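Under our numbering, residues 111 to 478 are what the sequence shown spells out, in order.
Here's the structure, in structure tokens; my notes come after.
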Amino acid sequence: MSKEINIRFLFAGGGTGGHLFPALAVAESIRRLMPEADIMFIGTKNKIEGRVVPKAGFKFKSVWIKGFSRKFTLENLLFPVKLVYSVAQCLAINFKFKPDVAIGSGGYVSGPAIWAAAKAGAKILILEQNSFPGKTTKMLEKYAEEVHVSYEDSKKYFTKKEKVFVTGNPVRENLKLIEKKIALSQLNLSNSKKVLLILGGSLGADSINKSLSQIVNKLEENNIQVIWQTGKNYIEEYKKYNSENIKVNAFIEDMNLVYSACDLLISRAGATTIAEISELGIPSILIPSPNVAENHQYYNAKSLSDKNAAVLIEDKNIDKELFDCILLLINDEDKLRILNENALKNRKGNSAEVIAKRAIEMAKRNDR
111 MSKEINIRFL FAGGGTGGHL FPALAVAESI RRLMPEADIM FIGTKNKIEG
161 RVVPKAGFKF KSVWIKGFSR KFTLENLLFP VKLVYSVAQC LAINFKFKPD
211 VAIGSGGYVS GPAIWAAAKA GAKILILEQN SFPGKTTKML EKYAEEVHVS
261 YEDSKKYFTK KEKVFVTGNP VRENLKLIEK KIALSQLNLS NSKKVLLILG
311 GSLGADSINK SLSQIVNKLE ENNIQVIWQT GKNYIEEYKK YNSENIKVNA
361 FIEDMNLVYS ACDLLISRAG ATTIAEISEL GIPSILIPSP NVAENHQYYN
411 AKSLSDKNAA VLIEDKNIDK ELFDCILLLI NDEDKLRILN ENALKNRKGN
461 SAEVIAKRAI EMAKRNDR
């Protein structure tokens with residue numbers, strides 16, 4: 111039996127879709143390029159990865175770790191215990207699985223998982239989706255053979271720049287638009303009205319939800335249909351708005367369907383959203399979250415707005431500007447076309463396949 115058949119890849123990253131989906135995109139490319147590869151994910155079972163990874167057909171091992179809250183909570187007192195226990199879990203998983211390459215895509219779970227993989231002899235590859243590298247990425251940099259980033263400007267934050275490659279943010283292989291009429295039909299939406307898609311991330315965006323609740327009736331009066339992902343934390347509060355023209359969901363599984371149906375997107379500016387907007391050319395209004403490290407979502411959004419590839423509204427201005435901005439854009443075909451064309455120009459190419467090939471090369475070089 112050849113060495114190639116025994117090649118193993120471990121992925122760690124999650125907590126949010128922004129950390130998970132780039133890793134899934136690379137894993138899908140590895141599976142296509144090397145069907146015999148053994149692929150495993152480490153994550154937390156009660157976060158998005160615990161639901162999505164098994165559905166994608168990959169092995170999944172859960173660990174106990176949870177992030178440290180910025181506000182004081184009683185659960186924070188358990189953090190050191192959970193961290194030590196999770197490190198022990200990650201060491202046990204890695205020494206049993208023996209990955210040739212471990213790929214970290216951010217989030218608190220990737221810290222102990224990738225550190226343990228390095229101790230188990232794996233070569234390390236890091237994905238950093240945001241313009242400003244997260245704390246976990248900075249911590250793991252010294253173990254990494256390669257770091258793949260989405261923005262040229264990110265390189266300045268790394269110590270060993272020769273390790274850093276501007277590859278772009280990987281998107282899922284199955285991310286594709288279908289015919290709009292078919293998408294509208296499947297969503298029970300009218301073909302004669304505009305469609306606005308609202309995304310606030312898998313957990314939801316409080317300010318976007320509140321602002322939308324104040325204008326959703328006016329949108330309907332203006333013949334605008336709305337697909338509204340509230341996030342699981344907010345569905346109970348906003349499900350009362352569900353109607354023939356307003357489709358309220360906690361979480362949307364089939365993103366291809368809603369991207370294909372929408373004329374305009376309103377979203378936070380996470381790195382995965384930026385990559386998907388660019389890949390598909392989705393006209394968008396981006397409202398960066400103010401509650402992220404180093405305000406990186408603002409710089410993500412600005413990277414598109416500076417190229418007239420999206421419209422940027424700061425969170426503090428959402429109530430004042432959002433409704434007028436929606437009406438101005440959604441009924442102006444020329445502006446929608448310009449946003450579409452410029453967003454498509456921002457595509458980085460097949461990032462997932464490029465990174466997958468690098469990971470496979472690294473695995474073949476691992477002669478431990």
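Using N, Cα and C, we set each Cβ at its ideal position, and we do this for glycine too.
Keep in mind that this is a model prediction, so the values were computed, not measured.
- In the three-state scheme derived from DSSP, where H, G and I count as helix and E and B as strand, G244 is classed as coil.
- When rounded, the separation of the alpha-carbon atoms in I158 and G127 is 7 Å.
- Boundaries of the beta strand (DSSP E) harbouring S377: 374-377, taken from the DSSP string.
- Pairing E138 with I213, the inter-Cα distance amounts to about 13 Å.
- A Cβ-Cβ distance of about 6 Å is found for the pair I288 and N366, placing them in contact under the 8 Å criterion.
- Minimum Cα-Cα distance from I397 among the listed residues G124, I362, G314 corresponds to G314.
- With fewer than 16 other beta carbons inside 10 angstroms of its own, Q324 counts as exposed.
- Our two residues, A360 and V336, have alpha carbons roughly 14 Å apart in a direct line.
- For a cut-off of 8 Å, the C-beta gap from N333 to K303 is around 5 Å, short enough to register as a contact.
- By the 16-neighbour rule on beta-carbons within 10 angstroms, T382 is buried.
- Residues of the same chain with a CB within less than 7 Å of the CB of N301, apart from the 5 flanking positions on each side, are K291, L294 in chain order.
- In the DSSP annotation of this structure, the continuous segment of the alpha helix (DSSP H) that includes M472 starts and ends at 461-475.
- In the structure shown, R118 adopts extended strand secondary structure according to DSSP, grouped into three states.
- Within the model, the alpha-carbon separation for E463 versus R282 is close to 10 Å.
- In the three-state scheme derived from DSSP, where H, G and I count as helix and E and B as strand, D210 is classed as coil.
- A distance below 6 Å between beta-carbons, with the five flanking residues on each side excluded, links G278 to the following residues of its chain, in chain order: S260, K458, S461.
- Contact check for A420 against L449 passes: the beta carbons are separated by less than 8 Å.
- Here K304 is bridged, per DSSP, to I334.
- Around the beta-carbon of L143, fewer than 16 other beta-carbon atoms lie within 10 Å, marking it exposed.
- In the three-state DSSP reduction, E256 falls in the strand class (E or B).
- Contact annotation: N476 and D210 have beta-carbon atoms nearer than 8 Å.
- Residue burial annotation: N410 is buried, with at least 16 other C-beta atoms found within 10 angstroms of its C-beta.
- Excluding sequence positions up to five before and after L422, its CB lies within less than 7 Å of the CB of L396, A411, K412, S415, all in the same chain and listed in chain order.
- Taking C-alpha positions only, I387 is separated from A122 by approximately 24 Å.
- Bounds of the alpha helix (DSSP H) holding I428 are 428-440.
- Excluding its 5 nearest sequence neighbours in each direction, L454 has C-beta neighbours in its own chain below 6 Å: G391, listed in chain order.
- Under the criterion of beta carbons closer than 8 Å, F242 and E404 qualify as touching, at roughly 4 Å.
- Classified as buried, F131 has 16 or more neighbouring CB atoms from the shown chains inside 10 Å of its CB.
- When only Cα atoms are considered, V326 and Y348 end up about 11 Å apart.
- When secondary structure is reduced to three states using DSSP, E424 falls in the coil class, being assigned neither helix nor strand.
- If you compare the alpha carbons of G231, A230, T154 with that of L193, the shortest gap goes to T154.
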